[in-house]
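Q:
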Amino acid sequence: MNTVIMIGRLTRDPELRYIASTGNAVTRFAIAVDRAFAAKDAEVTADFFNVVVWGKRAETCVNYLAKGRMVAIRGRLQNNNYTDKNGNKQYSVEVIAEEVKFIDWGDKKNTANIGSQNNSQYDGIDEEGYRAINDDSVPF
1 MNTVIMIGRL TRDPELRYIA STGNAVTRFA IAVDRAFAAK DAEVTADFFN
51 VVVWGKRAET CVNYLAKGRM VAIRGRLQNN NYTDKNGNKQ YSVEVIAEEV
101 KFIDWGDKKN TANIGSQNNS QYDGIDEEGY RAINDDSVPF
């Protein structure tokens with residue numbers, strides 16, 4: 001069984017593309033999911049996941065979601081691998097969404113203050129949903 005359910009905030013606006021050969025719509029975005037545990041006085045930590053949505057659902061996501069919006073995702077994990085131009089094997093995992101629920105509802109025009117109090121913890125996140133790591137934060 002390969003099922004994942006998560007709730008988080010978008011770290012960037014969704015990007016819509018159409019597959020040339022089939023005309024199928026595909027949308028990609030990343031979400032930050034807060035971890036349920038933290039040390040007593042520690043900041044909340046988040047994990048970042050790349051999400052892929054297909055078909056009519058992808059078009060709906062582009063129309064109603066934007067950076068900062070909260071969504072619930074139900075889907076499956078998919079491994080991807082490829083060899084980069086230097087000959088190194090690269091791996092990634094993404095969530096293929098089968099269901100997307102909009103928790104913050106509205107059109108994209110009304111997103112200015114959505115989750116602004118929570119988004120400060122996501123400052124410094126790049127467009128792929130990753131935060132730069134400094135050597136002091138690595139536990140080994």
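Each residue of the sequence shown is one higher than the one before, starting from 1 at the first, in full-length UniProt numbering. Each residue gets a CB set at the ideal place from its N, CA and C atoms; glycine is no exception. Bear in mind that the values here come from a model prediction, so they are computed numbers and not experimental data.
(1) DSSP three-state call for E98: helix, strand or coil?
(2) Could you tell me if I103 is buried or exposed, where buried requires 16 or more neighbouring beta carbons within 10 angstroms of its beta carbon?
(3) Could you give the DSSP three-state label for N24: helix, strand or coil?
(4) In this structure, does DSSP put A58 in helix, strand or coil?
(5) Spatial neighbours of E99 within its chain, please: CB distance less than 6 Å, with the 5 preceding and 5 following residues excluded, ordered by chain position.
(6) Would you mind giving the Cβ-Cβ distance between V71 and L65, rounded to the nearest angstrom? I have them listed as a contact below 8 Å.
(7) Roughly how many angstroms lie between the CA atoms of N24 and I96, to the nearest whole one?
(8) Assuming the contact rule is C-beta atoms closer than 8 Å, residue 145 and E15 should be a hit. Round their C-beta distance to whole Å, please.
(9) Relative to the C-alpha of V8, which candidate in A20, M1, A32 has its C-alpha closest?
(10) For A30 and F49, which I take to be in contact (beta-carbon distance under 8 Å), what is that distance rounded to the nearest angstrom?
(11) Taking the straight line between their C-alpha atoms, what separation do you get for C61 and W54?
A: Once the coordinates are examined:
(1) Your numbering for residue 98 matches position 98 in the sequence shown. Three-state DSSP puts E98 in a strand.
(2) Counting from one through the sequence shown, the residue named residue 103 turns up at place 103. Answer is exposed; the Cβ neighbour count stays below 16.
(3) One-based indexing of the sequence shown puts residue 24 at position 24. If DSSP states are grouped into helix, strand and coil, N24 belongs with coil.
(4) Within the sequence shown, the letter at position 58 stands for residue 58. Residue state, collapsed to three classes: helix.
(5) Counting from 1 along the sequence shown, the entry for residue 99 is found at position 99. Correct list, in chain order: R74.
(6) Counting from one through the sequence shown, the residue named residue 71 turns up at place 71. Counting from one through the sequence shown, the residue named residue 65 turns up at place 65. Confirmed, about 7 Å.
(7) The sequence position of residue 24 within the sequence shown is 24, counting from 1. The sequence position of residue 96 within the sequence shown is 96, counting from 1. The straight-line gap from Cα to Cα measures roughly 15 Å.
(8) In the structure displayed, the chain extends from 1 to 140; residue 145 sits before or after that span and is not available.
(9) For this step, residue 8 is matched to residue 8 along the sequence shown. Correcting the residue type first, residue 8 is Gly in the shown sequence and not Val. Nearest C-alpha to G8: A32.
(10) Here the question's residue 30 lines up with position 30 in the sequence shown. Here the question's residue 49 lines up with position 49 in the sequence shown. That belief holds up - the Cβ atoms of A30 and F49 are roughly 7 Å apart, short of 8 Å.
(11) As a first step, residue 61 must be located in the sequence shown, where it is residue number 61. As a first step, residue 54 must be located in the sequence shown, where it is residue number 54. Answer to the nearest angstrom: the Cα atoms are 10 Å apart.
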